[in-house]
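J.:
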Amino acid sequence: MKTIITTSLAAVLAMSVALPASAQISDRTIRIANGIAEDHPVGDGVAAMTQCIADATDGAWTINAFWSSSLGDDLQSAQSLRSGTLEMVISSSSPLVAIEPALGVFDLPFLLSNEQEADALLDGAFGDYIAEMMPEHNLVNLSFWENGFRNLSNSVRPVESLADFDGMRVRVMQNNIFLDTFQTLGTNATPMAFGEVFTALETGAIDAQENPYVTIDTSRFYEVQDYVSNTRHAYTPFMVLFSKPIFDTYSEEEQQILYECTAVGQTVQREASRSLSDESLQRIKDAGLEVNDIAEDAMAEIRDAVAGVYERSADSIGADVIERVNSELAAIRGQ
Ligand code: KDG
Numbered sequence: 001m002k003t004i005i006t007t008s009l010a011a012v013l014a015m016s017v018a019l020p021a022s023a024q025i026s027d028r029t030i031r032i033a034n035g036i037a038e039d040h041p042v043g044d045g046v047a048a049m050t051q052c053i054a055d056a057t058d059g060a061w062t063i064n065a066f067w068s069s070s071l072g073d074d075l076q077s078a079q080s081l082r083s084g085t086l087e088m089v090i091s092s093s094s095p096l097v098a099i100e101p102a103l104g105v106f107d108l109p110f111l112l113s114n115e116q117e118a119d120a121l122l123d124g125a126f127g128d129y130i131a132e133m134m135p136e137h138n139l140v141n142l143s144f145w146e147n148g149f150r151n152l153s154n155s156v157r158p159v160e161s162l163a164d165f166d167g168m169r170v171r172v173m174q175n176n177i178f179l180d181t182f183q184t185l186g187t188n189a190t191p192m193a194f195g196e197v198f199t200a201l202e203t204g205a206i207d208a209q210e211n212p213y214v215t216i217d218t219s220r221f222y223e224v225q226d227y228v229s230n231t232r233h234a235y236t237p238f239m240v241l242f243s244k245p246i247f248d249t250y251s252e253e254e255q256q257i258l259y260e261c262t263a264v265g266q267t268v269q270r271e272a273s274r275s276l277s278d279e280s281l282q283r284i285k286d287a288g289l290e291v292n293d294i295a296e297d298a299m300a301e302i303r304d305a306v307a308g309v310y311e312r313s314a315d316s317i318g319a320d321v322i323e324r325v326n327s328e329l330a331a332i333r334g335q
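Numbering (my numbering) for the sequence shown: 1 to 335.
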């Protein structure tokens, strides 16, 4: 009898080893939450990621994206991931500082100068360092996509100098570093979830907000604003986050598909973000908004005014995180 059981067990083990990889792929549905509209470049990334997943799973997975905060705001959605009740969120890092304060490093004013630096920082050792902080919060960061360089829009006046910020009622993300930055600039800053911004601008509850051109365009903020100033005061990434409680139920092959296909989405999304930016700016101008650059001497005064945010934020972000980002950026810049 023992011989028969041993033989049967060997046969089962042999089959499991020999089973085609597809046997490790189950039927699954992945819901994706985010706050922007589908015609934002994130939509391009999601479409590319979805096609990659369809090919890799032979159609076994269904991807459902929910746009314009329809599943809740960024922080609410991230909390759902942590509890295992939602699979994925594509969110700016900024509102998630309530979960991991170190993410505030990306909100430091004028930290990054261009997209090349951003890609090198996020796709290199520093991005890995930040991603490794997520599992303790029941989150898995699959990839960094691009929110982009943020510019101020408002309905009061062109902002051409530090003084022009004075008294402006500006919505900022729910993040103390952005709050400190815009209070230091002299504004009356109000933290607010992204999904509330359009109505607050439309009703006049606030005068201003700050976002990349592609967001000002695709979320139609230009319909309720009059001025846009090319401040480029911060570059914020999108985090493509997955629920760790759900991720842990996936086979190794399924987990690899998530990493590989969000990487495919990253390439497409970043390209779309950068190619659409100029089109978005033109649509903003065509809508009649007054768009201005800020002279270098005025920008220098603005940068100097907010330099103190770094020191005031060091404790919340973590001195080691700031030291790490500075050394990584020095290496990227060849300094
Ligand atoms: O879900 C999309 C938001 O995370 C993103 O648009 C956040 O930039 C943002 C803002 O201003 O709230």
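For glycine and all other residues, C-beta sits at the position ideal for the given N, C-alpha and C. This one's a predicted model, so the numbers in the text were calculated from it and none came from an experiment.
The ligand KDG heavy atoms versus the CB of Glu-100: any closer than 8 Å?
T.: no
J.: Indicate the three-state DSSP secondary structure (helix, strand or coil) for Gln-209 in the structure shown.
T.: Gln-209 carries a strand assignment under DSSP once its states are collapsed to helix, strand and coil.
J.: Using only the heavy atoms of the ligand KDG, determine whether one of them is closer than 8 Å to the beta carbon of Glu-279.
T.: no
J.: Beta-carbon within less than 7 Å of Val-46's beta-carbon, same chain only, minus the 5 sequence neighbours each way: which residues are those?
T.: Ile-32, Ala-65 and Gly-265
J.: Quick one, which of Val-306, Arg-333, Ser-219 and Ala-319 has its alpha-carbon nearest Thr-187's?
T.: Val-306
J.: Would the beta-carbon of Ile-317 fall within 9 Å of that of Val-105?
T.: Closer than 9 Å, so yes.
J.: According to DSSP, what are the bridge partners of Val-140?
T.: Phe-242
J.: Span of the beta strand (DSSP E) holding Ser-153?
T.: 151 to 154
J.: Counting only the same chain and skipping the five closest in sequence on each side, list residues whose C-beta sits under 6 Å from that of Asp-27.
T.: Ala-60
J.: Since Ser-113 is in the alpha helix (DSSP H), which residue starts that stretch and which ends it?
T.: Per DSSP, Ser-113 belongs to no alpha helix (DSSP H) and is neither H nor E.
J.: Work out the CA separation of Phe-238 and Asp-226 for me, nearest whole Å.
T.: 27 Å
J.: Enumerate in chain order the residues of its own chain whose CB-to-CB distance from Ile-332 is below 6 Å, with the five nearest sequence positions on each side excluded.
T.: Glu-117 and Ala-120
J.: Closer than 6 Å by C-beta to Ala-21: which residues in its own chain qualify, once you throw out the five before and the five after it? Chain order, please.
T.: The predicted position of Ala-21 is uncertain, since its pLDDT is 49 and thus under 50; a value taken from the coordinates is nonetheless stated next. If we look at Ala-21 and ignore the five residues flanking it on each side, its Cβ neighbours are Glu-253.
J.: By how many angstroms is the C-alpha of Ile-284 removed from the C-alpha of Asp-278?
T.: So the two alpha carbons sit approximately 10 Å from each other.
J.: Give me the Cα-Cα distance between Asp-165 and Lys-244, rounded to the nearest whole angstrom.
T.: For clarity, residue 165 is Phe in the given sequence; the question names Asp instead. Cα to Cα, the separation comes out at about 42 Å.
J.: Can you give, in chain order, each stretch of the alpha helix (DSSP H) that sits fully within the region 19 to 77 and has at least 4 residues?
T.: 41 to 57
J.: Roughly how many whole angstroms lie between the Cα atoms of Glu-210 and Asn-34?
T.: 18 Å
J.: Is it right to say Ser-327 is buried, meaning 16 or more other beta carbons lie within 10 angstroms of its own, or is it exposed?
T.: exposed
J.: Quick one: grab the DSSP three-state call for Pro-101.
T.: helix
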